[in-house]
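Trainee: In case it helps, our numbering puts the sequence shown at residues 152 to 434.
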Amino acid sequence: LKKVTFRFINDSSAQVAALLAGDIDGMPRFQSPQSLKQFQTDKRFVVELGSTAGKGIMTINNKKKPFDDVRVRRALSHAIDKKAFIDGVFEGLAKPIGSHMAPTDAGYVDLTGQYPFDPEKAKALLKEAGVQTPLNVTLTLPPPPYARKGGEILAAQLAKVGIVAKIENVEWAQWLGGTFKGNFDLTVINHVEPLDYMAYANPNYYWGYDSKAFRDLAAKHSSTTGAKDRTKLFGDMQRMIANDAVNVFLFNATNTAVYKKGLKGLWSSSPIFANDMAAVSWN
Numbered sequence: 152l153k154k155v156t157f158r159f160i161n162d163s164s165a166q167v168a169a170l171l172a173g174d175i176d177g178m179p180r181f182q183s184p185q186s187l188k189q190f191q192t193d194k195r196f197v198v199e200l201g202s203t204a205g206k207g208i209m210t211i212n213n214k215k216k217p218f219d220d221v222r223v224r225r226a227l228s229h230a231i232d233k234k235a236f237i238d239g240v241f242e243g244l245a246k247p248i249g250s251h252m253a254p255t256d257a258g259y260v261d262l263t264g265q266y267p268f269d270p271e272k273a274k275a276l277l278k279e280a281g282v283q284t285p286l287n288v289t290l291t292l293p294p295p296p297y298a299r300k301g302g303e304i305l306a307a308q309l310a311k312v313g314i315v316a317k318i319e320n321v322e323w324a325q326w327l328g329g330t331f332k333g334n335f336d337l338t339v340i341n342h343v344e345p346l347d348y349m350a351y352a353n354p355n356y357y358w359g360y361d362s363k364a365f366r367d368l369a370a371k372h373s374s375t376t377g378a379k380d381r382t383k384l385f386g387d388m389q390r391m392i393a394n395d396a397v398n399v400f401l402f403n404a405t406n407t408a409v410y411k412k413g414l415k416g417l418w419s420s421s422p423i424f425a426n427d428m429a430a431v432s433w434n
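In C-alpha cells:
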C-alpha cells in the first residue's frame, strides 16, 4: 500500500453504516458485536476473531472511603455477574478474568473463581464492614461502548446489593483530567497495555493501591533471573492483586476485525494496541 487513510469512528452504529456503504475498507477494532452475524453472512466481507492483551476492569478508588476497606472491595467483586456483563456487552465474545492479566500472557493464573457472583455474600461483607445501605457512589464512564453499555449493567447489579451508582458519562479529556488523576469513586476501563501489572507497585497510580507487600514482591520479581522462580513470583503477584480486590476484574476482550474481501495482512490478534499496516495489501 502506498497510502492509508485512518478514520476514527467511535459510534458502533456509524461503524456498521460506514462498512456497509463502502466508505471504509475495514474496521480493525469493530465495536458492534451484535452486528457480526450480518457481516459473517455477507460475502463482501471477512470477519476475523483474535486475542488481545486487554484487561477490562471496574476500577475502584482504593483511597476513598469506604473502598479503603478490602471487605467493601470484595463485596463489589461478589456483586458483579461477569457472564451477564460479557453477554450483554460483547455477545459472549470476551473471556472473564480474575486479576490484572490476560489469559494469553505467559504465566497467567486463572483466578476467575475467587469471587463468584454472590449478592448475598456481597451484602454480608458490606454489613461486616459497617457500610450503611443504600450506599451512593458515582460510576464515571468514558466513551467506549464497553464502558457506556457495560456501566448500565454494572449499575443495575450493584443496586441489588444496596449500592446506588449514579452514572456520569464523560469524554476522554474529562476522564484523563479527572478520573485518571484520582477524582472518582468507580470507573470502567480496558487497560490495553500488555503486562502492565507494575502499575500496582505505584501508590500514586489512579486507583490508589498502596501496598508495601506488593511493592516488595514486585521488586523481588524484577531482580530474579531464574525463569521458574520468576513464573512463581508472577503468580504470587496476580494472587495478591486478587486477594486485595484492588479492582473488579471483568473481561479480556476478543479482537474483532471486519474488512472487505480481498484485503489481507491485517492483524487478527492484537498483542499491542496498534494498527500495523506494513503487511497489508489488496489481493
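Every residue gets a Cβ at the ideal spot worked out from N, C-alpha and C, and that includes glycine. Source: prediction; values computed, not measured.
1) Report the residue from L309, K274, F241, Q191 whose alpha carbon sits nearest the alpha carbon of V399.
2) Evaluate contact between the region 354–369 and the region 311–329, counting only Cβ atoms and requiring at least three cross-stretch pairs below 8 Å.
3) Whose CA, out of D367, K274, T338, M178, lies closest to the CA of T291?
4) With burial defined as no fewer than 16 other Cβ atoms inside 10 Å of the residue's Cβ, what is the status of F159: buried or exposed?
5) Would a C-beta distance cut-off of 7 Å place P296 and Q182 closer than the cut-off?
6) Can you give me the start and stop residues for the alpha helix (DSSP H) that K317 sits inside?
7) Mind checking who W433 pairs with in its DSSP beta bridge?
8) Counting pairs of Cβ atoms below 8 Å between the region 374–390 and the region 237–248, do you hit three or more?
9) Identify which residue in A226, G264, R381 has its Cα closest to the Cα of A257.
10) DSSP on L346, reduced to helix/strand/coil?
11) Taking the alpha-carbon positions, what's the F196 to V397 distance?
12) Given N150, which residues of its chain have a CB within under 7 Å of its CB, disregarding the five upstream and five downstream residues?
13) Count the other CB atoms within 10 Å of the CB of K415; is the residue buried (16 or more) or exposed (fewer)?
14) Which value, in whole angstroms, describes the spacing of the CA atoms of A364 and N403?
15) In this structure, does DSSP put P270 in helix, strand or coil?
16) I'd like to check one pair, F268 with D220: are the Cβ atoms closer than 7 Å?
17) To test your reading of the DSSP string, which unbroken alpha helix (DSSP H) runs of 4 or more residues are found completely within the region 242–295?
18) For N212, which three-state DSSP category applies?
19) Can you tell me which of the three DSSP states L309 falls into?
20) Would DSSP call K194 helix, strand or coil?
21) Beta-carbon within less than 7 Å of A235's beta-carbon, same chain only, minus the 5 sequence neighbours each way: which residues are those?
22) Candidates G264, D367, Y259, G313: which alpha carbon is nearest Q389's?
23) For K246 and L200, I'd like the C-alpha separation in whole angstroms.
24) From the DSSP secondary-structure annotation, give me the bridge partner or partners of M178.
25) Restricting to runs no shorter than 4 residues, where is the alpha helix (DSSP H) found entirely within the region 365–400?
26) State the Cα-Cα distance for the pair V312 and I392, rounded to the nearest angstrom.
Mentor: Straight from the coordinates:
1) Checking every option, the nearest Cα to that of V399 belongs to L309.
2) At 8 Å Cβ cutoff, the stretches do not touch.
3) Ranked by Cα distance from T291, the options D367, K274, T338, M178 are led by T338.
4) By the neighbour-count rule (16 or more Cβ atoms within 10 Å), F159 is not buried but exposed.
5) Cβ atoms of P296 and Q182: closer than 7 Å.
6) Per DSSP, K317 lies in no alpha helix (DSSP H); the unbroken beta strand (DSSP E) holding it starts and ends at 314–320.
7) Looking at the DSSP assignment, W433 forms a beta bridge with L414.
8) No: fewer than three Cβ pairs fall under 8 Å.
9) Nearest C-alpha to A257: R381.
10) Under the three-state reduction of DSSP, L346 is assigned to coil, being neither helix nor strand.
11) Going from the Cα of F196 to the Cα of V397 covers about 41 Å.
12) What is shown of the chain runs 152 to 434, which leaves residue 150 out entirely.
13) Residue burial is scored here from C-beta neighbours: K415 has fewer than 16 other C-beta atoms within 10 angstroms and is therefore classed as exposed.
14) The alpha-carbon atoms of A364 and N403 are separated by roughly 27 Å.
15) In this structure, P270 counts as helix in the three-state DSSP scheme.
16) No, Cβ-Cβ distance for D220 and F268 is not below 7 Å.
17) DSSP runs (the alpha helix (DSSP H)) wholly in the region 242–295: 270–279.
18) DSSP places N212 in coil when its eight states are reduced to three.
19) The DSSP-derived three-state label of L309 is helix.
20) Here K194 carries a coil assignment [DSSP, helix/strand/coil].
21) Correct list, in chain order: I304.
22) Among G264, D367, Y259, G313, the Cα nearest to that of Q389 belongs to Y259.
23) Using only the alpha carbons, I get a separation of about 13 Å.
24) BP columns for M178 point to V409.
25) Runs of the alpha helix (DSSP H) inside the region 365–400: 378–394.
26) V312 and I392: Cα-Cα distance of roughly 23 Å.
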